[in-house]
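Chemist: Below is the structure I would like to discuss, written out as structure tokens.
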């Protein structure tokens, strides 16, 4: 499901952000180096989804 507008201010101006480094997510019970966590960020109000 792709977000097309901000749920808070209903703006269509969305950007993509990535959290990496110590904020990586690891799967349980599997050998992995982890995955970067991606966010959708409203460039109008700053809401992070």
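Residue numbers (UniProt numbering): 1 to 49. Just so it is clear, CB atoms sit at the ideal spot from N, CA and C, and this is done for glycine as well.
DSSP beta-bridge partners for residue 40?
Modeler: Within the chain shown, numbered from 1, the residue matching residue 40 stands at position 40. For residue 40, which the question treats as bridged, DSSP gives the partners 16.
Chemist: For residue 35, which residues does DSSP report across the bridge?
Modeler: Reading the chain shown from its first residue, position 35 is the one you call residue 35. According to DSSP, residue 35 bridges with 25.
Chemist: Please list, in chain order, all residues of the same chain as residue 44 whose beta carbon is under 6 Å from its beta carbon, the five residues on each side excluded.
Modeler: Here residue 44 refers to the residue found at position 44 when the chain shown is read from its first residue. Here the set comprises 9, 11, 13.
Chemist: For residue 26, which residues of its own chain have a beta-carbon under 7 Å away from its beta-carbon, when the five flanking residues on both sides are left out?
Modeler: The sequence position of residue 26 within the chain shown is 26, counting from 1. For residue 26, where only same-chain residues beyond five positions count, the Cβ hits under 7 Å are 32, 34.
Chemist: Using the C-alpha atoms, what's the distance from residue 39 back to residue 49?
Modeler: Here residue 49 corresponds to residue number 49 of the chain shown, with the count starting at 1. Here residue 39 corresponds to residue number 39 of the chain shown, with the count starting at 1. The straight-line gap from Cα to Cα measures roughly 6 Å.
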